[in-house]
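When we follow UniProt numbering, the leftmost residue of the sequence shown carries the number 1, and every step to the right adds one.
Beneath this line is the structure, given in structure tokens, with notes to follow.
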Amino acid sequence: MKIDKAQASAEVPARPKRGRPRDPERLKRVILTASCQFLEQGFERTSMESVAQAAGVSKMTLYNYFASKNALIEACVAARTDSIFEDFGADSLSPSRPEEALRLIARQFLKLMRSDDVIQLHRMLHGLATLQPDVCQGFFKAGPTRIAQHVCRYLESAMAAGTLHIDDVPLAADQLLALMLGRPHLHATLGLGKPEAGQDEHLVREGVALFLARY
1 MKIDKAQASA EVPARPKRGR PRDPERLKRV ILTASCQFLE QGFERTSMES VAQAAGVSKM
61 TLYNYFASKN ALIEACVAAR TDSIFEDFGA DSLSPSRPEE ALRLIARQFL KLMRSDDVIQ
121 LHRMLHGLAT LQPDVCQGFF KAGPTRIAQH VCRYLESAMA AGTLHIDDVP LAADQLLALM
181 LGRPHLHATL GLGKPEAGQD EHLVREGVAL FLARY
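Here it is, written out as structure tokens:
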């Protein structure tokens, strides 16, 4: 399963620094290796030992980075989540141009949700929901909650610029993201096929138009 290497460069939740500074390239390699193993082997069959060996680091180094396998998968999800916002330039999300900015956010969000690795991750987590609820809780914190926080930051900047008028920012962020999901997302998750690019672009434009009509 192909993993976007951009995910490895994002800020990830990890243990506090101790001793020598971390090697950023080594941390990227660990995140990328772990992401591949979780998707190819599943959460339960992936071990800290196998990740350390494949990444070319010692188990001690890996445990210094991440206290547990739960912390490791949470870091992988956080890195993948943050990667969708890395392509935006300094002026891409202008508070004075909310329609343009929200379309960019929506496109990147759909790009993430339509990717094979994220679809496979969601399938894996559905299987863990009953037996490993703590893993799903970590995913929700590092994935959906983190994305919503990114969106909230933009909405707050647009409110400060006077281009959006929102009473409940977290609710508005959830509404925007929900407009991008629905039946097409379920269709893709069930392996019944993904929408065409033109269909997703139509979804983005109509969803953002509906959002702006409200706010």
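We put the beta carbon where it would ideally sit given N, CA and C, even for glycine.
It should be emphasised that the depicted structure is a prediction, and the values quoted were computed from it without experimental measurement.
Check                                                                                                                                                        : Outcome
Among the candidates Gln53, Ser157, Ser115, whose CA atom is the shortest distance from the CA of Val169?                                                    : Ser157
Where do the N-terminal and C-terminal ends of the alpha helix (DSSP H) with residue 267 fall, by residue?                                                   : There is no way to answer for residue 267, as the model of the chain reaches only from 1 to 215.
Just how far apart, CA to CA, sit Glu11 and Arg114?                                                                                                          : Its pLDDT being 45, under 50, Glu11 is placed unreliably in this model, and the coordinates cannot settle the point.
Going by other Cβ atoms of all chains shown within 10 Å of its Cβ, with 16 needed for buried, is Lys5 buried or exposed?                                     : In this prediction, Lys5 has a pLDDT of 44, which is less than 50 and means its spatial position is unreliable; what the coordinates show is noted afterwards. When all chains shown are included, Lys5 counts as exposed.
How many Å lie between Asp82 and Ile105 at the Cα?                                                                                                           : 12 Å
Indicate whether the contact test is met: 3 or more Cβ pairs, each with one atom in the stretch 43 to 57 and one in the stretch 140 to 151, closer than 8 Å. : no
Looking only at C-alpha atoms, which of Ala172, Gly162, Met180 sits nearest to Ser94?                                                                        : Gly162
Which class does Arg214 belong to by DSSP, given the choice of helix, strand or coil?                                                                        : helix
Verify whether the separation of the beta carbon atoms of Val204 and Arg123 is less than 7 Å.                                                                : no
In or out: Thr46 buried (at least 16 other Cβ within 10 Å) or exposed?                                                                                       : buried
Using 8 Å for Cβ pairs, my map puts Ala173 next to Ala148. What's the rounded Cβ distance?                                                                   : 5 Å
Which complete alpha helix (DSSP H) runs does the stretch 132 to 202 hold, if anything under 4 residues is left out?                                         : 133 to 142, 144 to 161, 169 to 178, 183 to 189
Along the alpha helix (DSSP H) that carries Pro24, what are the first and last residues, could you check?                                                    : 24 to 41
What whole-angstrom Cβ distance do Leu110 and Met180 have, given they're in contact under 8 Å?                                                               : 5 Å
Alpha carbon to alpha carbon, what distance is there between Gly42 and Arg97?                                                                                : 42 Å
Locate the alpha helix (DSSP H) running through Leu72, then write down its first and last residues.                                                          : 69 to 83
Where Leu131 and Asp91 are concerned, what is the direct C-alpha to C-alpha distance, given to the nearest angstrom?                                         : 44 Å
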